[in-house]
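Enquirer: Numbering (numbering that gives the first Met the number 0), first residue to last: 0 to 420.
We put the beta carbon where it would ideally sit given N, CA and C, even for glycine.
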Amino acid sequence: MATPLRTDVRRSTFTFPGALLGALLVLTSASARAQSAPTPLEDNRTITLGYIGIAYELGGIIDPTLQPGGTSSARPNWFTFAPHASQAGGKGMYSAALARHFIAAARLQPSLSLTNALDRLGLGGVVRLRLQDLSLQLIAQGLTVDAAAALSVMTSSLNVAVLADTRTLLATASRMGSLYWSAPGVAPLDKVEAVVITLERTLHEGNLAIFNDIGGSARLYLDWRAAATGPITPARVLSEFTLTDAVNAEAQQAYAWAVAHAEDSPRPTRMDLLFPGMHWKSLLIAAFALYEDARLAPTPARRDALIAMGTNFVAWREQRDQAQPVFTPAGSPTDEVSRAGVLQALTPFLMTDFGTVRWTYADYAYAQPDRDGNPLTAPPCEYSWADFWDRWNGILFAFNQAYARPTELWVMPEPLTDPLG
0 MATPLRTDVR RSTFTFPGAL LGALLVLTSA SARAQSAPTP LEDNRTITLG YIGIAYELGG
60 IIDPTLQPGG TSSARPNWFT FAPHASQAGG KGMYSAALAR HFIAAARLQP SLSLTNALDR
120 LGLGGVVRLR LQDLSLQLIA QGLTVDAAAA LSVMTSSLNV AVLADTRTLL ATASRMGSLY
180 WSAPGVAPLD KVEAVVITLE RTLHEGNLAI FNDIGGSARL YLDWRAAATG PITPARVLSE
240 FTLTDAVNAE AQQAYAWAVA HAEDSPRPTR MDLLFPGMHW KSLLIAAFAL YEDARLAPTP
300 ARRDALIAMG TNFVAWREQR DQAQPVFTPA GSPTDEVSRA GVLQALTPFL MTDFGTVRWT
360 YADYAYAQPD RDGNPLTAPP CEYSWADFWD RWNGILFAFN QAYARPTELW VMPEPLTDPL
420 G
């Protein structure tokens, strides 16, 4: 795992409601926590810090003027995006943790009213108003006050502004209600906890899978590069560096194609059509070679084109081979609901702050042609993050949005701290 180069990490701006935290501390002993495995949020913090370290190391190879904590005007590579994407997943885990701990407190003392439930969550301002609207819709479907509040709070760290569109509010309530009624268990809080656990596990497993695979591959590459003698060239990367299951001849094929087409417009993105039958880990080797080629590029425009192709190679591997099996597994644990269903319900709320550049899935959806031609359907509700192509095209949209403001991505996120860690 990468050693974080940034050590002056400030406390996250997310704070756990004091009243609820006080009620829950009695449920968790220090000795038990010390002996337990890391929580999802603790893992997320480690992963985000690891990505920050890799981002600066690899970014410094592409742009030798980049210093730890500094910025670069070179086009961001995949590892510059990664800390921000990890942080976005962490926010979803944070909301899930808030919901779980709210459920634990509600088991001890049920809320007297929706106002009482929202007070216990410590919510205020626009977030409270939007979650109140969503909770009321869920209560109308037969959920208890505490079950409705716990489901609603899963959106609290996301883009709740989308609930201002009544179409999105109603669609979200309908989807969440369906998940609730499909959940295992009989007691309302048992059913809603199954939904919350599904979200937390999905985000956590995806976070781990991507970091272990792609972050681990980057760590191997950086270590190989540091130990190598003599100048590092793309040809050396393609012939000397390897990864388990990768085929170097395939990496050379992908690299050669990318070099020839890096400046195509629009940029090629269908790796399944370009390289049928290729082992996708070979794309990681090709991407590292492209990043090395970018360092040697004669012009900034050529450099940025090569970086973008390398980043698409890594992102394809990330989403196709690591995220997709987590989001739509062949089988699910009996204590979960549909992972695809949970992700679909939350798709309109998705957002990532790439430094100071905010991407939201809603912005992407509203920028696309109307899918169903029905004015009663909000565009963000026509997509699902669990669907590979919906996710892939949204990510490419985010890349292009961020490419216009490259230095701003180097404002690295503040890794989240588990409130009970």
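Would you list the one or two residues that DSSP bridges to residue 258?
Expert: Residue 258 is not bridged to any residue.
Enquirer: Please tell me whether, using a cut-off of 7 Å, the distance from the CB of residue 125 to the nearest non-hydrogen atom of the ligand PLP is below it.
Expert: Looking at this structure, you won't find the ligand PLP or any other ligand, since it has none at all.
Enquirer: Which of the three DSSP states is assigned to residue 413 in this structure?
Expert: The answer is coil: DSSP assigns residue 413 none of H, G, I, E or B.
Enquirer: To the nearest angstrom, report how far apart residue 357 and residue 381 are at their CA atoms.
Expert: Each residue's alpha carbon lies about 21 Å from the other.
Enquirer: Could you name the residues of the same chain whose beta carbon sits closer than 7 Å to that of residue 204, not counting the 5 residues immediately before and after it, in chain order?
Expert: Hits under 7 Å: 325.
Enquirer: Taking 8 Å as the threshold (C-beta atoms), are residue 199 and residue 92 in contact?
Expert: Result yes, Cβ atoms of residue 92 and residue 199 sit closer than 8 Å.
Enquirer: If you draw a straight line from the C-alpha of residue 446 to the C-alpha of residue 341, how long is it?
Expert: This structure cannot settle anything about residue 446, because the visible part of the chain is limited to 0 through 420.
Enquirer: Could you tell me which residues DSSP puts in a beta bridge with residue 358?
Expert: Per DSSP, 351.
Enquirer: Note down the Cα distance separating residue 402 from residue 307, rounded to an integer number of angstroms.
Expert: Taking the straight line from one Cα to the other gives about 9 Å.
Enquirer: Identify which residue in 352, 305, 327 has its Cα closest to the Cα of residue 255.
Expert: Nearest option by C-alpha distance: 305.
Enquirer: Quick check on the DSSP output: the alpha helix (DSSP H) that includes residue 387 runs from which residue to which?
Expert: 387-402 is the span of the alpha helix (DSSP H), which, as asked, contains residue 387.
Enquirer: For the region 61-101, which segments carrying the beta strand (DSSP E) assignment without a break, of at least 3 residues, lie completely within its bounds, in sequence order?
Expert: Listed in chain order, there is nothing to give.
Enquirer: Would you give the residue range spanned by the alpha helix (DSSP H) that residue 145 belongs to?
Expert: Looking at the DSSP string, the run of the alpha helix (DSSP H) that includes residue 145 is 144-151.
Enquirer: DSSP three-state call for residue 407: helix, strand or coil?
Expert: Residue state, collapsed to three classes: helix.
Enquirer: Output the boundary residues of the alpha helix (DSSP H) element that contains residue 235.
Expert: That run of the alpha helix (DSSP H) goes 233-239.
Enquirer: Answer with buried or exposed for residue 311, where buried requires no fewer than 16 other C-beta atoms within 10 angstroms of its C-beta.
Expert: Buried.
Enquirer: Can you check which of these residues, 104, 264, 355, 270, is closest to residue 250 by C-alpha distance?
Expert: Among 104, 264, 355, 270, the Cα nearest to that of residue 250 is on 270.
Enquirer: Would you say the region 44-60 touches the region 383-394, given that touching needs at least three Cβ pairs under 8 Å?
Expert: Because the criterion of three Cβ pairs below 8 Å is not met, the region 44-60 and the region 383-394 do not touch.
Enquirer: Are residue 133 and residue 176 touching if we call contact CB-CB under 8 Å?
Expert: Their beta carbons are not under 8 Å apart, which means residue 133 does not touch residue 176 by this criterion.
Enquirer: Whole angstroms are fine: how far does the CA of residue 367 sit from the CA of residue 67?
Expert: Computed Cα separation, rounded: 38 Å.
Enquirer: Between residue 50 and the rest of its own chain, which residues show a CB-CB distance below 6 Å, the 5 nearest in sequence each way excluded?
Expert: Contacts found: 81, 82, 85.
Enquirer: Just list the alpha helix (DSSP H) runs in the region 303-335, keeping only unbroken ones of 4 residues or longer that don't cross its boundaries, in chain order.
Expert: With a minimum length of 4 residues, the continuous alpha helix (DSSP H) runs that stay inside the region 303-335 are 323-326.
Enquirer: Three-state secondary structure (DSSP) at residue 218?
Expert: Helix.
Enquirer: For residue 99, tell me which candidate among 126, 125, 39 has the shortest Cα-Cα distance.
Expert: The shortest Cα separation from residue 99 among 126, 125, 39 belongs to 39.
Enquirer: Quick one: is residue 44 buried, meaning 16 or more other Cβ sit within 10 Å of its Cβ, or exposed?
Expert: That one is buried.
Enquirer: Counting C-beta neighbours from all protein chains within 10 Å, is the total for residue 76 16 or more, i.e. buried, or is it exposed?
Expert: By the 10 Å Cβ count, residue 76 comes out buried.
Enquirer: In terms of alpha-carbon separation, which member of 42, 182, 47, 37 lies closest to residue 413?
Expert: Residue 47 is the option with its Cα nearest to residue 413.
Enquirer: If distances are taken between C-alpha atoms only, which option among 390, 283, 275 comes closest to residue 244?
Expert: The candidate whose alpha carbon is nearest that of residue 244 is 283.
Enquirer: Can you tell me whether residue 30 is buried or exposed, with buried defined as 16 or more other CB within 10 angstroms of its CB?
Expert: Bear in mind that the predicted position of residue 30 carries a pLDDT of just 39, short of 50, making it too unreliable to give a figure here.
Enquirer: Could you give the C-beta distance for residue 405 and residue 72, rounded to a whole number, given that I count them as a contact under 8 Å?
Expert: Yes, residue 405 and residue 72 are in contact; Cβ-Cβ is about 6 Å, under 8 Å.
Enquirer: Along the chain, where does the alpha helix (DSSP H) that runs through residue 277 open and close?
Expert: No alpha helix (DSSP H) contains residue 277, which DSSP labels as neither H nor E.
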